[in-house]
Amino acid sequence: PLPTSEAATQNAPSTPSASANSTTFAATDAGATRFVGSVDAAGGRIEITQNFIVNGTVNSGIYDLPINLRYVGSSGRTEEETLTATLVVLRPPRLRLSLEASIGGPEYPVGQPSPVALTIINTGRQDVVLTIGEVTAENAEIVGDSESFIGTLRSGEDRTLETEIVPEEEGDVTLTFTLTYIDDFNQEQMIERSYTVTAAVVELPPDEFTPPPDFVPPPIEEPERDWLSRLVLAFMGLGS
């Protein structure tokens, strides 16, 4: 039972923490005890805040968080009651995302299609049910697939999300990848990651070759029949 209105005027500490044998939750502050003070009768309320972390090895599920409440009862003696808070723990997938470098170098040519690839690696212990991978771009046009089905990614497996872009102007190009997955409670969730790459104007070589000032063209050898024709004309006095 909650303390009576008479006892509520007394000071009482509250200790929200996991049970002594539980390693699911741990308080992040120096101590897990909070001093409440007097609570007014007839609907008085006091809000208590306690920060805690969840053990990284637990799976998604519903867990009980014990809260020990000590107060002065109507008899004037200190009494204790354990309340239980029900918490939903959702374990997010552990994915490593990396954008592959451009094949032509660190810069993407303006006005030309370039491949873009995002590598997805499941570094967690559980399978990840990925559904759709989507990519959008700023300062570039998506000329490849903007959406692709990915599928279930088992522990240690990797997938590549590929498309092509055509940068519109010189400067930064922002690529945003959105991955949709189904969590452990069968709910649809999303992971969004953005990358910034550089677009540059590629200088094409000139169509015609311009020789340098000190360039000397090689001598042109005449065919043998042209040499004989000149010799005959010379005998006839017609050649030079």
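Residue numbers (our numbering): -14 to 225. Even for Gly, the Cβ is constructed at its ideal location relative to N, Cα and C. This structure is a prediction, so every number in the text was calculated from the model and none was measured.
Answer yes if the stretch 92 to 100 comes into contact with the stretch 67 to 78, meaning at least three C-beta pairs across the two stretches below 8 Å, and no otherwise. no
Comparing C-alpha positions only, which one of Y166, S45, P51 and P204 sits nearest to T18? P51
For a quick check, are the C-beta atoms of P100 and E149 less than 8 Å apart? yes
Please report the straight-line C-alpha distance between N171 and E188, rounded to a whole angstrom. 52 Å
Through-space distance from L68 to A11, alpha-carbon basis: 17 Å
Using only the alpha-carbon positions, how far apart do V43 and S60 sit? 42 Å
Please list the terminal residues of the continuous beta strand (DSSP E) segment that includes S179. E173 to A185
So T116 packs on I135, CB below 8 Å; how close in whole Å? 7 Å
Where are the beta strand (DSSP E) runs, 3 residues long or more, that stay fully inside the stretch 11 to 97, in chain order? 37 to 39, 46 to 57, 63 to 74, 80 to 84 and 92 to 94
From T34 to Q174, what distance separates their C-alpha atoms? 28 Å
So, I176 versus L160, is the Cβ gap smaller than 8 Å? no
Start and end residues, beta strand (DSSP E) containing R144: D143 to P152
Comparing C-alpha positions only, which one of S140, R139 and T145 sits nearest to D130? T145
Selected residue, minimal CA-CA separation from T108, among F162, S83, A122 and A125: S83
Where V201 falls: helix, strand or coil (DSSP): coil
For the beta strand (DSSP E) that V128 lies in, which residues bound it at each end? First-last for V128: undefined, no H or E at that position.
Can you tell me the Cα-Cα spacing of A122 and S133, whole angstroms? 15 Å
Flag N107 as yes when its Cβ comes closer than 7 Å to any non-hydrogen atom of the ligand FAD, and as no otherwise. Although the ligand FAD was asked about, the structure shown includes no ligands whatsoever.
Could you have a look at S133 and say whether DSSP puts it in helix, strand or coil? strand
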